[in-house]
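K.L.:
Chains as they are written, first to last, in the UniProt record's numbering: chain D, 1 to 324; chain F, 1 to 503.
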Ligand SMILES: Nc1ncnc2c1ncn2[C@@H]1O[C@H](COP(=O)(O)OP(=O)(O)OP(=O)(O)O)[C@@H](O)[C@H]1O
Ligand SMILES: [Mg+2]
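Dropping the structure here:
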């Protein structure tokens, strides 16, 4: 059995499992297609990753706190539809805060069920996935939602504008990552999330209000979802009811790919960013190489599983181990 | 017995972790039919050595011989197949499974078509349990057992093969005296069958009672082997920590202040009933009793983890109702819990963050946690408690058991509580640090703290307490002052026997 903890090249590679997989793919794509490493392509990848990336930031909070959030996809559809609908009814200035308020309300409800009533987060958010989808359809009456005057609204700046040439979605994503990263790594609240997710009982014994901490992680997640909804709506100015469908799993994969444990207590915003970028670049690379989208799906998930396995192997020092 | 081939021999074993040389060229041998003690301070490398033997860690250098045959052990299964079995320091049982399933996990007896042979399973398990003399059977769910009984399950697991060598890593840390007697009988029985036994413990009485030879580790290095019959506690301690210790009873008394904590007729269902006592500033009150006497539950009630069904708690003469640890901490109560892995530590978090967890809200500079303030606290208590770790960034789960315990103690001492409750504070702690912690408890009292010490170790209670509350099955039997207490009267009180109530 290979000993991977030893010094030397092999050990180093294995310890950086996910990054290594990433680099191999990058080099492969770059060789296969010249355009891959072009500046505009790189910007394009980050930009198109921004919406999922923003959601991944929030889910990172929930996962570190020891829970799951599978409702983010359908919640994002909800936010998008709501803000588009209200845009024409009450104007963008009011529509945006109203949409944030409603989305946070949904987050608070989930946080209440999981945090205070201590219901299983998998069940709760899986249920909410369907329930919120129903809510969205009720709101829209099942129809696609479009802004009437697509040319005349300033609402498009979030998704389409730029500052000194940097697209707004990237700026918003970056700023949010910075703020949430600081909260998570530097504030008492961040510390408490790690404690609650790492060992809830020990956290309680240390006087940390476990329920409240879990509640707030879901609020953070809902805030991120609302931001993602805003970006999506502002970019397309019209949307189907199912725009966020399936995003919950991709987002979760990004977070786990970055190295957060599903058991809670570990992960960072920086790692999640790496996970987001890996995901984005692999998808983009496969697209440039010209694979059909259904083949892409297979490859993407194979890469994820490989990377996660390498990562676990690195942690325990062996490729395979009879004990955990 | 001296010139038999050793069942197990180690030569120059080295194991390093990032920043730590946990084993530094360790060699020793285990003879058939001997009980060989392995001693050393917390973090000396005892558990690591056992994990190398058990195939959990690969050694960086060195050779292991089983019956003089060089071997590499790549997994616990292989170790077991070669007749080397382990009772680990940290229990590793599946709570939801039955005793029998836990014992035979991975090798359940089968009938045709892969069906488990339940009858055979239960019969064989019950046969093993019978030799251990325990009060539960093969079908009991492990989660329903006390820690002590779970320990017995671990031992039973080791007896499913014909072992050549059995290794016990601090098996008695959470056993009662009666259970220890059973354990020692099991060991004597194995010994008479020619099995070699490695016995790791910090308890000198036990070591001198049951072992034949003592090997000492210090900072990962091998310090020598002594014949138990030809040595004494002082020599062993000297070898382990390089100095002598004060093991006397508590004689010093200082000025007592006002009553800081008073408990009146407190009950919590059947867990404990009608408990009354008080603790003054500057006083250490010891709670002594058997495991299950309700001492931990009283502490948890005072700390807001349980709601009392009757009675009052008074702090500084004022009645308080405490509903959560948060409230208890705000009122100046600290609890060092009994189960360090479950309740004391976030194992995946670094040492510093664990230590400052209860006060992280107060250690801020602007909106952020102040790194400097945290490191200062960590450094102070690392030095005070002599915590062995390469640095504060080390993950708590990577520390040795005893050093983990010290992190928990540091965490609560650094809160400067008015009332400090410590539940089994020195479980798994080496003799040197133990006396340091005892001195620290005395010091804290001298500084005016009110301290409650819950312990199942009589020498500990006698050593630190000004008064001792003896409990039996949820009731206070008697309260002793340190002048009047004798070992006999204490044993009598905690066994529930009616003592002479003259005093
Ligand atoms: N997985 C690990 N990663 C890093 N360091 C480790 C790891 N396991 C053990 N160590 C370090 O190795 C040293 C020896 O630890 P070990 O658990 O063997 O001590 P011990 O003698 O069993 O102590 P105790 O009496 O407290 O149980 C310690 O300094 C510990 O921090
Ligand atoms: Mg140990």
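Ideal Cβ positions, reconstructed from N, Cα and C, are used throughout, including at glycine. Small disclaimer: the values here were computed from a predicted structure and weren't measured.
Assuming residue 93 (chain D) and residue 239 (chain D) are in contact, meaning their beta carbons sit under 8 angstroms apart, how far apart are those beta carbons, in whole angstroms?
P.N.:
Not quite, the Cβ-Cβ distance comes to about 20 angstroms (not below 8 angstroms), so this is no contact.
K.L.:
At least one CB of chain D closer than 8 angstroms to the CB of residue 466 (chain F): is that the case?
P.N.:
So no, residue 466 (chain F) is outside the interface.
K.L.:
Can you tell me whether residue 46 (chain F) sits near ligand 2, meaning its C-beta is under 7 angstroms from at least one heavy atom of the ligand?
P.N.:
yes
K.L.:
Based on Cα-Cα distance, which residue from F:53, F:153, F:110, F:50 lies nearest to residue 95 (chain F)?
P.N.:
F:153
K.L.:
Is the beta carbon of residue 394 (chain F) closer than 8 angstroms to that of residue 428 (chain F)?
P.N.:
no
K.L.:
Can you tell me whether DSSP reads residue 110 (chain F) as helix, strand or coil?
P.N.:
strand
K.L.:
Mind pulling the chain F residues with CB within less than 7 angstroms of residue 207 (chain D)?
P.N.:
Identification of chain F residues near residue 207 (chain D) by a Cβ-Cβ cut-off of 7 angstroms yields 325, 326, 329, 358, ordered along the chain.
K.L.:
Comparing the CB of residue 89 (chain F) with every heavy atom of ligand 1, is any distance shorter than 7 angstroms?
P.N.:
yes
K.L.:
Using a Cβ cut-off of 9 angstroms, pull out every chain F residue sitting near residue 118 (chain D), in sequence order please.
P.N.:
Under the 9 angstroms cutoff, chain F gives no residues; its nearest Cβ is about 15 angstroms from residue 118 (chain D).
K.L.:
Given the structure, does residue 206 (chain D) come close to ligand 2, in the sense that its CB is under 7 angstroms from one of the ligand's heavy atoms?
P.N.:
no
K.L.:
Is there a Cβ of chain D sitting closer than 8 angstroms to that of residue 346 (chain F), yes or no?
P.N.:
yes
K.L.:
Report all residues from its chain with a CB closer than 8 angstroms to the CB of residue 68 (chain D); omit the five preceding and five following residues, and keep chain order.
P.N.:
Counting only residues of its own chain and dropping the five nearest sequence neighbours on each side, residue 68 (chain D) has a CB closer than 8 angstroms to the CB of 62, 121, 122, 125, 252, 262.
K.L.:
Just to make sure I have the definition right: I need the residues of chain D whose C-beta is within less than 7 angstroms of the C-beta of residue 50 (chain F). Which are they?
P.N.:
Going along chain D, no residue has its Cβ under 7 angstroms from residue 50 (chain F), so there is no contact; the nearest lies around 14 angstroms.
K.L.:
Check whether the Cβ atoms of residue 249 (chain D) and residue 279 (chain D) lie closer than 8 angstroms to each other.
P.N.:
No.
K.L.:
Would you call residue 272 (chain D) buried or exposed, if buried means 16 or more other Cβ atoms sit within 10 Å of its Cβ?
P.N.:
Of the other Cβ atoms in all chains shown, 16 or more fall within 10 Å of the Cβ of residue 272 (chain D); this residue is therefore buried.
K.L.:
Which residues does DSSP list as the beta-bridge partners of residue 167 (chain D)?
P.N.:
D:162.
K.L.:
Spell out whether any CB of chain F is found under 8 angstroms from the CB atom of residue 194 (chain D).
P.N.:
yes
K.L.:
Hey, out of D:127, D:151, D:308, whose CA is closest to residue 72 (chain D)'s CA?
P.N.:
D:127
K.L.:
Give a yes or no on whether 8 angstroms exceeds the smallest Cβ distance from residue 364 (chain F) to chain D.
P.N.:
yes
K.L.:
Residues bridged to residue 479 (chain F) by DSSP?
P.N.:
Per DSSP, F:469.
K.L.:
Go to residue 167 (chain F), then tell me how far its beta strand (DSSP E) extends in each direction, as first and last residue.
P.N.:
165–169
K.L.:
Could you tell me how far apart the beta carbons of residue 38 (chain F) and residue 79 (chain F) are, in whole angstroms, since I believe they sit closer than 8 angstroms?
P.N.:
Between residue 79 (chain F) and residue 38 (chain F) the Cβ distance is about 17 angstroms, and since that is not below 8 angstroms, they are no contact.
K.L.:
Roughly how many angstroms lie between the CA atoms of residue 209 (chain D) and residue 377 (chain F), to the nearest whole one?
P.N.:
About 23 angstroms.
K.L.:
How is residue 69 (chain D) classed by DSSP in three states: helix, strand or coil?
P.N.:
Note: residue 69 (chain D) maps to coil in three-state DSSP.
K.L.:
Which of helix, strand or coil does DSSP assign to residue 52 (chain F)?
P.N.:
The DSSP-derived three-state label of residue 52 (chain F) is helix.
K.L.:
Identify, in the order they occur along the chain, each residue of the same chain with its Cβ nearer than 8 angstroms to the Cβ of residue 140 (chain D), setting aside the five sequence neighbours on each side.
P.N.:
81, 85, 241
K.L.:
Closest Cβ-Cβ distance between residue 201 (chain D) and chain F: below 8 angstroms?
P.N.:
yes
K.L.:
At least one CB of chain F closer than 8 angstroms to the CB of residue 187 (chain D): is that the case?
P.N.:
yes
K.L.:
Report buried or exposed for residue 447 (chain F), applying the criterion of at least 16 other Cβ atoms within 10 angstroms of its Cβ.
P.N.:
Residue 447 (chain F) should be labelled exposed.
K.L.:
Just the C-alpha distance for residue 166 (chain D) and residue 283 (chain D), rounded to the nearest angstrom, thanks.
P.N.:
22 angstroms
K.L.:
With a threshold of 8 angstroms between beta-carbons, can residue 191 (chain D) be considered close to chain F, or not?
P.N.:
With 8 angstroms as the cut-off, residue 191 (chain D) counts as an interface residue toward chain F.
K.L.:
Under a three-way DSSP split, which group does residue 151 (chain D) fall into?
P.N.:
coil
K.L.:
List the residues of chain D that residue 361 (chain F) touches, going by C-beta distances under 7 angstroms, in chain order.
P.N.:
188
K.L.:
Between which two residues does the alpha helix (DSSP H) holding residue 272 (chain D) run?
P.N.:
269–289
K.L.:
Just checking: is the beta-carbon of residue 239 (chain D) within a distance shorter than 8 angstroms of some beta-carbon in chain F?
P.N.:
no
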